[in-house]
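Positions -21 to -1, 1 to 491 (mature numbering (1 follows the signal peptide of the UniProt record, and there is no 0)) are the ones given, in order, by the sequence shown.
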Amino acid sequence: MFVVLHVCVLVAVCSLSVSTSQSSSYGERGSDLGLQVFLRVVQDKPQENVVMSPHGVASILGMLLPGAHGDTRRQLLTGLKYKKTGPYKMLRKLHKALTTKSNADIVTIANALFPNEGFIMKEDFLTASRENFMCKSQTIDYSDPEKAAEIINEWVKNSTKGQIPSLVKADMFDPAMTRLVAVNSIYFKGLWKSRFQAQNTKPRSFTAGDGKTYKVPMMSQLSVFNMGQASTPEGLKYTVIELPYRGSSMSMFIALPSEEATPLSAVLPHVSTATVQSWTKLLVQKRMRLLMPKFTAEEEVDLEGPLTAMGIKDIFSQTKADFSHLSSESVYVSKALQKAKIEVNEDGTKASAATTAILHARSSPPWVTVDRPFLFLIRHNPTGTILDQRRFDQWSTHTHTHTHTHRQTDRHTDTHTHTHTHTHTHTHRDTQTHTHTHRDRQTHTHTHTHTERDRQTHTHTHTQRETDRHTHTHTHRERQTDTHTHTHTERDRQTHTHTHTQTDRQTDRRIY
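So this is what it looks like as C-alpha cells:
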C-alpha cells in the first residue's frame, strides 16, 4: 500500500494597509512547477529527506488564479505554464480524471476557502472556485485565532482520513488583518498491482547520503517490472523502475544512480515532467528481484522562498499583490505552506497469474536493491500529473522501550534490567501463526495473574518507537498454547522459564 497525504494552505490572504496546440498536458504543466519547487527545496536541504506534492503546489496557486489581476496574474500563469485564456476548462478535466470513481486507486482532492466574517469575495471568483476546483467555503472569525485554527485543522483531518490532524497554528493568524485562508488537500491510497509479501521484509543495510549505514526494513519480491536505463546530459546513468498500482492509471517511478559513486544530487536537477515522460519510452519488462525500503515520512514546507525565487513573488508583496478580481479589499498572501505524509509498505492486491507466468527467465533473475539515496514519484499516467515526489536520503534510528506486568498469587513481584531475547509464538485454530521476535535492552516488569484450573489472564503492553507501528487484536475461544521464554541476567544469575497451557476465552491485544 502506498498512502500519500498532503495539504497546501495559503495562510492567510491578509488585508493591506495600502492600495495599488499543447506540447504537454495541463497535468504535466502544473506538475512541472511543483517539481521545480521541489528541486529548490532539495538544494536548501542537501542531506535531508524531502517529500512534496507537485500537483498540490499547482492546485493552491490555481485556486488564486481567478482572483488575480495584472502582473500578479501574469506571474501565476507563467509559473503554471498556462495560457492567458481558458485554463479552467482543462483544470476541470484534470480534476475529474484524477478523482473519477472508475479508478481502482483512491484519489481524493478537496479544496476549501475560509473567509473572515465580513470579508466579501466577488461573485465571479466564488463561481470560478466552485465550478473549477469544487471549492467549499466556510466563514470563520479570525479574532479568535485558536478557534479558527481548530476549525481549519478539523477540515484537514477529515479530508485526509485522519492522517494529517493538524496543519495551521493559531499564531499564523493576525486577528485584525487575516481575511482568507485557502486550503487544498490530496489523499491517495494505492494498492500494489504486485504485492510485497510481509514475511519477505527483513532488516538490510541502507547507506545514507552522508555515508552512514543503517539497518532498515527492506521489502522484497520476485516479479516482472518495467525497468530501463536513463542518463543525464553529462552522461551519468541511472536506473528507472516502474511499480504500477492496482488500477494501472497510477505508478510509482524510482530513480536510482547506476553507480554507487554517483550521488543522487547529480541526477535530480535534470528531472522534469518531460524527463519522466521520456522514461516511459525507455522501459521494458524484466523479471527481477526488487528490494526497497518500507517507510513512513512526514514533512512541512514553507513555499514562499521557492516560489519567490521562481518569479512568483507579487502575491507575497503588500504593495504589489493584485487580487482585485477576488475582492474590492486589497489583500496579499502572508503564508504559503504544504504538509505531506507518505507511507510505503507491503499491502496491495495479489499479482495476477499472467504477470509472473508469461515471462520465463533463461537464467537467475537480476537483483535490484534500492539501498542508497533514491528519488521516487507518483504519476497519474493518463494526464502526466505528478501527485507526489520524494528524495529519500537519510534514515532515522529509534530506541525501543517495552513494559511487561506480571502478577502471581504469591504476591511476588520482580523488577530488573537486562538484555534478553523474547519470542512469542501463538497457534490458533484458524491456522494463523504470528511470530514476533525482539532483541533489545530494556527495563522489564512482568506480571501474571494465576487462578486455579489453569485459567489465567495475560496482559502484555509493549511501548516502542519504531519505523512503523502495527496493532493486532485477536479475540477467540479455543485451546491455545502460549509459551513465553525469558532468560534474565541478574545478580544471582537466575534463569526463569514460564510455560502455560490454557483453555478459555481470551482477548490478546498487542501494540507494536
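All C-beta atoms in this analysis are idealised placements derived from N, C-alpha and C, irrespective of residue type, glycine included.
Checking 8 Å against the spacing of the C-beta atoms, do residue i and residue j come in under that value?
i           : j      : result
Thr180      : Met198 : yes
Ala319      : Met31  : yes
Glu96       : Thr118 : yes
Val310      : Arg109 : no
Gly169      : Tyr121 : no
Ala128      : Lys148 : yes
Ile357      : Met271 : no
Ile294      : Val312 : yes
Lys292      : Gln22  : no
Arg19       : Ala288 : yes
Leu14       : Val250 : yes
residue 501 : Pro154 : Residue 501 is absent from the model: the chain starts at -21 and stops at 491.
Thr259      : Ser10  : no
His74       : Ile88  : yes
Lys60       : Leu12  : yes
Gly188      : Leu243 : yes
Leu269      : Phe185 : no
Leu215      : Thr241 : yes
Glu278      : Val16  : no
Gly284      : Gly58  : no
Pro196      : Lys273 : yes
Going by C-alpha to C-alpha distance, which of the options sits closest to residue i?
i           : options                           : result
Gln142      : Lys292, Tyr311, Ala300 and Thr275 : Thr275
Leu146      : Gly188, His74, Asn163 and Phe204  : Asn163
Asn324      : Thr51, Arg225, Met113 and Gln176  : Gln176
Gln200      : Arg225, Trp171, Pro212 and Thr259 : Trp171
Lys299      : Glu27, Gln208, Gly49 and Tyr224   : Gly49
Gln317      : Val29, Val36 and Phe93            : Val36
Pro212      : Ser138, Ala245, Gly169 and Leu73  : Ala245
residue 493 : Ser230, Ile131 and Lys126         : The structure shown does not extend to residue 493, since the chain is modelled only from -21 through 491, so no value can be given for it.
Trp134      : Leu92, Asp150 and Lys260          : Leu92
Met267      : Met206, Asp103 and Tyr193         : Met206
Ser210      : Val195, Ser202 and Leu235         : Leu235
Glu238      : Met231, Gln208 and Arg183         : Gln208
Lys101      : Val255, Ala47 and Lys273          : Ala47
Val160      : Ile39, Gly13, His304 and Val29    : Ile39
Lys314      : Ala240, Gln297 and Pro248         : Gln297
Ile233      : Ala240, Leu243 and Glu221         : Glu221
Asn90       : Tyr166, Leu56, Val16 and Leu269   : Tyr166
Gln264      : Lys140, Ser202, Pro248 and Lys273 : Ser202
Leu305      : Pro25, Leu215, Val16 and Thr106   : Thr106
Pro33       : Ser307, Gly214, Leu282 and Ser303 : Leu282
Tyr112      : Thr139, Ala187, Ser173 and Leu70  : It should be noted that the sequence gives Phe, not Tyr, for residue 112. Looking at the Cα atoms, Leu70 is the closest of the given residues.
Leu56       : Glu308, Ile321, Leu286 and Ser307 : Leu286
Phe302      : Gly284, Pro25 and Asp103          : Asp103
Ile321      : Thr139, Cys114, Val16 and Lys24   : Thr139
Ser307      : Glu27, Phe98 and Gly284           : Phe98
Glu27       : Thr252, Asp150, Pro94 and Gly190  : Gly190
Met156      : Thr254, Pro94 and Thr252          : Pro94
Please report the residue range of the beta strand (DSSP E) in which residue i lies.
i      : result
Gln54  : Here Gln54 belongs to no beta strand (DSSP E); instead the alpha helix (DSSP H) covers Gly49 to Leu59.
Met31  : Val29 to Met31
Glu277 : Phe274 to Asp281
Asn163 : Thr157 to Gly169
Leu316 : Ala315 to Val323
Val255 : Val255 -> not in any beta strand (DSSP E); alpha helix (DSSP H) instead, spanning Thr252 to Leu261.
Val312 : Val310 to Val312
Tell me, please, which residues DSSP counts as bridged to residue i.
i      : result
Glu125 : Note: Glu125 sits in no beta bridge, so no partner.
Asn95  : Ile119
Thr211 : According to DSSP, Thr211 bridges with nothing at all.
Phe185 : Tyr193
Phe17  : DSSP output for Phe17 lists no bridge partner at all.
Val86  : Phe167
Lys216 : Ser210
Asn205 : Glu221 and Gln264
I'd like the span of the alpha helix (DSSP H) that includes residue i, first residue to last.
i      : result
Ser108 : Glu102 to Phe112
Just to check, is the beta-carbon of residue i closer than 7 Å to a non-hydrogen atom of the ligand GTP?
i     : result
Val16 : Looking for the ligand GTP in the displayed structure turns up nothing, as the structure carries no ligands at all.
Can you list, in chain order, the stretches of the beta strand (DSSP E) that have 3 or more residues and sit fully within the stretch 218 to 247? 229 to 236
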